[in-house]
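So the structure is just underneath, and the comments pick up after that.
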Amino acid sequence: MKAVATAPHEYMANYIYSGLGAWFGAARLVDATGSKRGSFQLDGEKWRVTLSYQESGLAPPDGGETPDGTRVDFDTLREFRLNAVVDDEIGQRKVKAHIRPRWRGLESTDGNAVARPLWDLGDAVDVRVNASNVEFDTIETVIQRAAGAVTLDPMYFDDRNDEYSVVIDAARYVRIDRDVSGPVHAREGPLARMGHLLESDRSGYRKLVQDDTERTGYYHTVTLGPKRIRECFPDHRIPKELKHYYARNAESLPDDHPLAHPKVEASYQGSRWDETLRPADHDEIADELEEAILATINEAGLPTQPLDDDGPGNGRTYVEDAYFEAQTVDRSRVLPLNLERVESDQRNVVVRQLADGLSPVEWDSLKTLVADGGDVSPAEIAEDHDWHPDSVRRGLRRIEEMVVREQGSVALRSHYVAEQVVEALEAAREGVRNAMGAAANAVQNAERAALDERTDELIAFCQANGIHIDEREAHLRVRMGNLAGESWSELVTRLKRYWVGAGRDPERLKEAVSHYRDASGPKIRPVRSAWGKGQTLR
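Residue 324 in the working numbering sits at position 324 of the sequence shown; the count goes up by one each step and never skips.
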């Protein structure tokens, strides 16, 4: 599959190297010359290099010797900055390496611990790396070449300890023509839909920012923690921020200037989980960021590869800049966003609740939640509508798929659910109760058009066989009506095939309870018994 190649943007990491050789070597060079300058060539580009120092605020080890026996004969400790930048008009392809010593029990001059707790690596150099527009796996090579350019031994940076080294930030991007980028940041575009459909601050992290102060689409971002990312991309695990944004003063630039056009970018958000990524994970990081960008562009209805044809932007989707070449590469896949499934599931919750009928206390609770727009307590709902608080709590439990309850407060589960409820409430206020069933069917028909073919097949199979699957409780209930001709186990086996084919969780179906009627009367049987003892769903 052909797709545009994304470009690296910001990158931050801590690279750890055993021993203090790099730190001592930099100290000797700076003591002799004050600072060092040099240059080198890499892949046809000239890099300019500087080595300088700064005061560290670190205290020498007691007795002038580290706990591992290395002599440190300095009264004042310095840190060193090895910076390399490509010699071009832009000057934004660069690598900055901040070289800092580490040993057991290292303290600041104020007596505070500096090395992280339980530091057991011994004497080492911690290199804080900040890079821009350099491929992730090339950054260490640049550090080595920069060291050699100022006569610091490159071998000091040849044996990185990936057990201790940490990737803090990483981003990739494409630049899109401003005349075609609108669908990315539109009100119903992929960024907004990810934020609204996955909204629930109590269950996973998501944040949506829509800043149009400078111009339409100026700075739109959605940030998703690992739980939310998996809802969009089931085989992704890395928390990410996806954004569409312009450079400052882009409005004043001519159309042929790259910065007049916005970036679509994905970045790793390390603060949004408890796990750690290492330099050994560079390929996984790059793949997930690139797949997220391409999926977002694809969801916006834009081509995922450069095309030369008639259309907006004179057939141009991607705009080259100094570091993004808009090249076409072969990819194994371009992932779809999973938003239709999320939207369908949330819409089904509302439709199912409305079709089954809501009690007066449930209607009143929804009215308050829609009107408030935030978190309220059951007691506040009870007071607003003259209900007993226990009645409100029972009502909220019955519609728990539409709301989030925690620690005495309740809110609608997502912005999208709120929109669906508002529409239903408006219909109810107009007295169109008898139209609710038709409205539910219309929503379901609209849903089917958006779902993939296999989900359509599951729905059609259930309708053809009179099967209703109740998902409101922890365990599914499969209501199958009257069985005639076909055995119960055969029908359940066929249901399993359509269920799994539509991407549904096979274990949920396995734990379901079925209700049906045959010639001998009503029956209730666990679905798992259709496969016999010890068998699993495949």
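Every residue, glycine too, gets a C-beta built ideally from N, C-alpha and C.
C-beta atoms of residue i and residue j nearer than 7 Å
i: residue 301; j: residue 190; result: no
i: residue 321; j: residue 258; result: yes
i: residue 12; j: residue 331; result: no
i: residue 145; j: residue 324; result: no
i: residue 236; j: residue 288; result: yes
i: residue 489; j: residue 530; result: yes
i: residue 404; j: residue 277; result: no
i: residue 513; j: residue 506; result: no
i: residue 263; j: residue 173; result: yes
i: residue 53; j: residue 125; result: no
i: residue 170; j: residue 297; result: no
i: residue 458; j: residue 498; result: yes
i: residue 132; j: residue 57; result: no
i: residue 123; j: residue 68; result: yes
i: residue 72; j: residue 64; result: yes
i: residue 234; j: residue 273; result: no
i: residue 143; j: residue 23; result: no
i: residue 156; j: residue 121; result: no
i: residue 396; j: residue 365; result: yes
i: residue 178; j: residue 244; result: no
i: residue 571; j: residue 528; result: Any question about residue 571 goes unanswered here, given that the chain covers just 1 to 538.
i: residue 384; j: residue 368; result: yes
i: residue 292; j: residue 326; result: no
i: residue 483; j: residue 508; result: no
i: residue 162; j: residue 254; result: no
Option nearest residue i by Cα separation, candidates the options
i: residue 45; options: 528, 84 and 109; result: 84
i: residue 246; options: 23, 218, 231 and 510; result: 218
i: residue 138; options: 9, 28 and 22; result: 9
i: residue 129; options: 70, 500, 80 and 306; result: 80
i: residue 294; options: 226, 328, 271 and 396; result: 328
i: residue 119; options: 112, 106, 23 and 110; result: 106
i: residue 78; options: 27, 86 and 89; result: 27
i: residue 213; options: 178, 101 and 251; result: 251
i: residue 35; options: 63, 150 and 59; result: 150
i: residue 522; options: 73, 110 and 479; result: 479
i: residue 25; options: 376, 82 and 60; result: 82
i: residue 226; options: 215, 241 and 476; result: 241
i: residue 180; options: 50, 369 and 303; result: 303
i: residue 188; options: 383, 101 and 299; result: 299
i: residue 469; options: 483, 495 and 482; result: 495
i: residue 136; options: 282, 503, 384 and 455; result: 282
i: residue 153; options: 334, 491, 51 and 270; result: 51
i: residue 570; options: 61, 55, 49 and 254; result: An answer regarding residue 570 cannot be provided, because it is not within the stretch 1 to 538 covered by the chain.
i: residue 232; options: 253, 336 and 86; result: 336
i: residue 20; options: 101, 270 and 504; result: 101
i: residue 61; options: 113, 43 and 394; result: 113
i: residue 90; options: 518, 228 and 47; result: 47
i: residue 519; options: 481, 504 and 503; result: 481
i: residue 290; options: 409, 334, 393 and 111; result: 334
i: residue 55; options: 30, 37, 230 and 43; result: 30
8 Å contact criterion, which residue i and residue j should meet: CB distance rounded
i: residue 103; j: residue 66; result: 4 Å
i: residue 15; j: residue 127; result: 4 Å
i: residue 305; j: residue 7; result: Actually they are not in contact, since the Cβ atoms of residue 305 and residue 7 sit about 15 Å apart, beyond 8 Å.
i: residue 208; j: residue 192; result: 7 Å
i: residue 74; j: residue 148; result: Not really, about 25 Å apart at Cβ, beyond 8 Å.
i: residue 455; j: residue 502; result: 4 Å
In DSSP terms, what residue i is bridged to
i: residue 13; result: 129 and 167
i: residue 518; result: 521
i: residue 84; result: 49 and 95
i: residue 54; result: 79
i: residue 466; result: Bridge partners of residue 466: none, in fact.
i: residue 389; result: Partner(s): none; residue 389 has no beta bridge.
i: residue 490; result: Per DSSP, none; premise fails for residue 490.
i: residue 623; result: The requested residue 623 does not occur in the structure, where the chain is confined to residues 1 to 538.
i: residue 330; result: 2
i: residue 8; result: 172
i: residue 65; result: 71
i: residue 36; result: 51
i: residue 376; result: 410
i: residue 101; result: 125
i: residue 42; result: 45
request  = Any chance you could list the alpha helix (DSSP H) runs of at least 4 consecutive residues sitting entirely within the stretch 107 to 186, in chain order?
outcome  = 139 to 149 and 182 to 185
query = Which runs of the alpha helix (DSSP H) spanning at least 4 residues fall entirely within the stretch 228 to 313, listed in chain order?
reply = 282 to 299
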